[in-house]
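One point on numbering: in our numbering, the residue at position 378 of the sequence shown is 460, and numbering is uninterrupted. Each residue gets a CB set at the ideal place from its N, CA and C atoms; glycine is no exception. See below for the structure under consideration.
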Amino acid sequence: MLTEKFIASIRKPAIPPKSSSTGTKDAGIFQHELQPVAAPRAVFKKSTTSAHCLAVSETHIFAAQSDKAVIHVYSRERGNHENTVPFPEKITCVELICDDTVLALGTAAGSLLLWETLTGRMVSVPECHLQAVSVLAVDPSSNFLLSGSVDSNIHVWSIPLLLSFSQSAQSERDTPLHTLSNHQSAITALKIGHTRTESCIAISASEDKTAVIWDFRTGDALRTYLLPSVPKAIELDVVDRGFYTSYDDGSIQLVDFYTADTTSSITSLEPAKAEKTLRNPINPLHTSSIESTSTVLSPSLSSLWKPPDPSPGPALSLLLSWDSTKLLSGHDSGAILIWDISTRSSTPLTTLPGPVTNLHLLPIHGIPGPSPPHAGTGTLLKPHTIVKPRPDLTGAVNEDPARLARNGGIPLNYEFRAQILREPATLQTATASTATADFRTLLACTVFPSDLLADGIAELAEWSADGLTHVATQGATNGIAPAEEFVALGEEKPKELDLQAQNELLRKQVRSLQRVQRVNLKMMSAMRYDSE
83 MLTEKFIASI
93 RKPAIPPKSS
103 STGTKDAGIF
113 QHELQPVAAP
123 RAVFKKSTTS
133 AHCLAVSETH
143 IFAAQSDKAV
153 IHVYSRERGN
163 HENTVPFPEK
173 ITCVELICDD
183 TVLALGTAAG
193 SLLLWETLTG
203 RMVSVPECHL
213 QAVSVLAVDP
223 SSNFLLSGSV
233 DSNIHVWSIP
243 LLLSFSQSAQ
253 SERDTPLHTL
263 SNHQSAITAL
273 KIGHTRTESC
283 IAISASEDKT
293 AVIWDFRTGD
303 ALRTYLLPSV
313 PKAIELDVVD
323 RGFYTSYDDG
333 SIQLVDFYTA
343 DTTSSITSLE
353 PAKAEKTLRN
363 PINPLHTSSI
373 ESTSTVLSPS
383 LSSLWKPPDP
393 SPGPALSLLL
403 SWDSTKLLSG
413 HDSGAILIWD
423 ISTRSSTPLT
433 TLPGPVTNLH
443 LLPIHGIPGP
453 SPPHAGTGTL
463 LKPHTIVKPR
473 PDLTGAVNED
483 PARLARNGGI
493 PLNYEFRAQI
503 LREPATLQTA
513 TASTATADFR
523 TLLACTVFPS
533 DLLADGIAEL
543 AEWSADGLTH
553 VATQGATNGI
563 APAEEFVALG
573 EEKPKELDLQ
583 AQNELLRKQV
593 RSLQRVQRVN
603 LKMMSAMRYD
613 SE
């Protein structure tokens, strides 16, 4: 059965709630089930987080506190507060990168930190922004990290360069690959597309009431949208067809990249050419038809979704369901609304005791076969405990420079501890896994797969080899051609086989039994792994 869950975090409300149940007292992080039954499942206490200050992995939750320069680490498996990690500066945003093994942090002073949670190593890029870092985003391949700031700039960083041990890389670490500087005010939201190709885009929203689509690999602005109000949060469609944005009045707006339902602010083109360009219902983002001039568009007011009741207040966070049919919005009053995208209508889902600043979708469970969108990809490493930042790994000042040069700059005490969950993917393992049909995949098939039918026919042919031999002999005697794939069901005894033929038949039966045994063992192992 499909199970879809999400995690929400709140900020300390300006006015404390009058009453609170015992289960949610002092709770700041909530795990809620969306389907099959919408209900709360777990709470984590003593936490207050601002926007973009929550990061969730398969085993842990990292919450940067809004009132202290600390990060609370919670264990999802044990359901408790595992650790409190102090920092010299207040953390203003967090983002997990590199298969959830590195936590990127932005500080109030404009610095960028990368914390390897399995080793304790900390990499710092001091004061890369003039003001506080407000939001971070990482591309699907974990090669690029984008940092948005209150100073209106967005920096594009190379993650392999930031994490490199070499001295040459450390000298280039403080310089970003690109700086995206089209905005005039603080960056409020930042998202990156889902593709791993060179056409991956980034979307930034700012207090200047604009949203810009970027080709962050080259630093080019592809399109600019003039919004009716200051965007509080944005959420990108799972196939990058458009994005959703929220406003202070609680409304939601859908901006479609491939629709003509917009008005233009282009002045660099001839009127006839600009009108022809905008009437095209399919206007690709990566296009040279506008002569290297970024398109400036204003979304139509018809794409604005108004809530039926304005009491929930500003929509501070957004979350798209795994199938892109539902949109969740977290509001300043603590209400979480669920929007039906097809009808553009909303219904209350739950109410939390504080402003809902972050929403995070957990990997779904219950669908066999290939991983659907937002499903867990099956990480290779599983940490049991998070290693606090270790100052002895930051610069390795006590290490011999000659020895560091021989080891590529890696300190002698650099180590990590984690459980290896599966064998790393190679060509041999990928071929072996696809050659044998998975039991969960077979359950989802509408008909019997062809490879399963072929194996069954071959197995029946081996088990009934003696019957086929007898039928072929009788057919040849009577002058009748034996039918192909015919299994004898008569009561006549087959022809007596010699010793060599009997041994060969026994070998075939043993091999068939061994194949059945291997399949059964693999199914039992898969069921045991799922239950764990």
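Those residues which DSSP pairs with residue i across a bridge
{"i": "Lys127", "result": "Ala109"}
{"i": "Phe144", "result": "Ala137, Val155"}
{"i": "Leu443", "result": "Phe88"}
{"i": "Ser411", "result": "Leu400, Leu419"}
{"i": "Lys464", "result": "Gln501"}
{"i": "Thr377", "result": "Arg305"}
{"i": "Val184", "result": "Ile179, Glu198"}
{"i": "Pro122", "result": "His114"}
{"i": "Thr189", "result": "Ile173"}
{"i": "Thr261", "result": "His237"}
{"i": "Leu383", "result": "None, per the DSSP bridge assignment."}
{"i": "Val438", "result": "Ile92"}
Sequence-distant residues of its chain with Cβ nearer than 7 Å to residue i (five each side left out)
{"i": "Ala558", "result": "The predicted model places Ala558 with a pLDDT of 49, which falls under 50 and marks its position as unreliable; any figure quoted below should be read in that light. Same-chain partners within the cutoff: there are none."}
{"i": "Gly395", "result": "Gly332, His413, Asp414, Ser415"}
{"i": "Ser206", "result": "Ser193, Leu195"}
{"i": "Leu509", "result": "Interpretation of Leu509 is limited by its pLDDT of 38, a score under 50 that renders its predicted location unreliable; the figure taken from the coordinates is listed afterwards. Cβ neighbours of Leu509 beyond the five flanking positions: none."}
{"i": "Gln438", "result": "Position check: residue 438 holds Val in this sequence, whereas Gln was assumed. Taken in chain order, the residues that qualify are Ala90, Ile92, Leu398, Ser399, Gly412, His413, Gly416, Ile418."}
{"i": "Asp474", "result": "Asn495"}
{"i": "Val320", "result": "His276, Leu402, Ser406, Pro455"}
{"i": "Glu357", "result": "Per-residue confidence for Glu357 stands at a pLDDT of 45, beneath the threshold of 50, marking its modelled position as unreliable; no derived number is given."}
{"i": "Arg305", "result": "Ile295, Leu367, Ser376, Thr377, Leu379"}
{"i": "Val155", "result": "His142, Phe144, Glu164, Asn165, Val167, Ile468"}
{"i": "Ser139", "result": "Leu178, Asp182"}
{"i": "Leu243", "result": "Ala251, Glu254, Arg255"}
{"i": "Cys282", "result": "Asp221, Ile274, Gly275"}
Residue range of the unbroken alpha helix (DSSP H) whose run includes residue i
{"i": "Glu254", "result": "249-254"}
Close Cβ partners of residue i (< 6 Å) along its chain, the five nearest in sequence each way excluded
{"i": "Arg610", "result": "none"}
{"i": "Leu187", "result": "Ile173, Val176, Leu195"}
{"i": "Ser515", "result": "Bear in mind that a pLDDT of 45 at Ser515, under 50, signals an unreliable position, so the number given afterwards is only what the model happens to contain. There are no such residues."}
{"i": "Tyr329", "result": "Ser311"}
{"i": "Ala287", "result": "Thr270, Ala271, Ala293, Pro313, Ile316"}
{"i": "Ser223", "result": "Arg278"}
{"i": "Leu463", "result": "Ala500"}
{"i": "Ala146", "result": "Cys135, Ile153, Ile173, Val176"}
Opening and closing residue of the beta strand (DSSP E) in which residue i lies
{"i": "Glu164", "result": "162-168"}
{"i": "Cys429", "result": "Sequence inspection shows Thr at residue 429; the Cys mentioned does not correspond to that position. From DSSP, the beta strand (DSSP E) with Thr429 extends over 427-433."}
{"i": "Val176", "result": "173-179"}
{"i": "Gly448", "result": "It is not in any beta strand (DSSP E) - Gly448 carries neither H nor E in the DSSP assignment."}
{"i": "Ile334", "result": "334-338"}
{"i": "His265", "result": "Where His265 is concerned, there is no enclosing beta strand (DSSP E), given that its DSSP letter is neither H nor E."}
{"i": "Thr201", "result": "Segment: none, Thr201 is in no beta strand (DSSP E) and carries neither H nor E."}
Sequence-distant residues of the same chain with beta carbon closer than 8 Å to residue i, five excluded per side
{"i": "Pro170", "result": "Ala151"}
{"i": "Pro95", "result": "Gly416, Pro435, Gly436, Pro437"}
{"i": "Leu595", "result": "none"}
{"i": "Lys291", "result": "Leu308, Leu309, Pro310, Ser311, Val312, Pro313"}
{"i": "Pro118", "result": "Met83, Leu84, Thr85"}
beta-carbon residue i near the ligand ADP non-hydrogen atom, thresh 7 Å
{"i": "Trp404", "result": "No copy of the ligand ADP appears in this structure; indeed no ligand is present at all."}
Start-end ranges of the beta strand (DSSP E) lying completely within the segment 206-242, minimum 3 residues: 215-220, 226-231, 236-240
List in chain order: all unbroken beta strand (DSSP E) runs of 3+ residues lying wholly within the segment 268-331. Segments of the beta strand (DSSP E) lying fully in the segment 268-331: 269-274, 284-288, 292-297, 302-308, 315-318, 324-328.
Is the segment 311-320 touching the segment 294-301 in the sense that three or more CB pairs, one from each, lie closer than 8 Å? no
Touching or not, the segment 266-279 and the segment 199-219, by the rule of three or more beta carbon pairs under 8 Å? yes
I'd like to know if the segment 155-165 and the segment 121-132 are in contact, where contact means that at least 3 CB-CB pairs between them fall below 8 Å. Contact between the segment 155-165 and the segment 121-132 is present, because at least three Cβ pairs lie under 8 Å.
Take every Cβ of the segment 225-237, pair it with every Cβ of the segment 255-267, and state whether three or more of those distances are shorter than 8 Å. The segment 225-237 makes contact with the segment 255-267: 3 or more CB pairs, one atom from each, lie closer than 8 Å.
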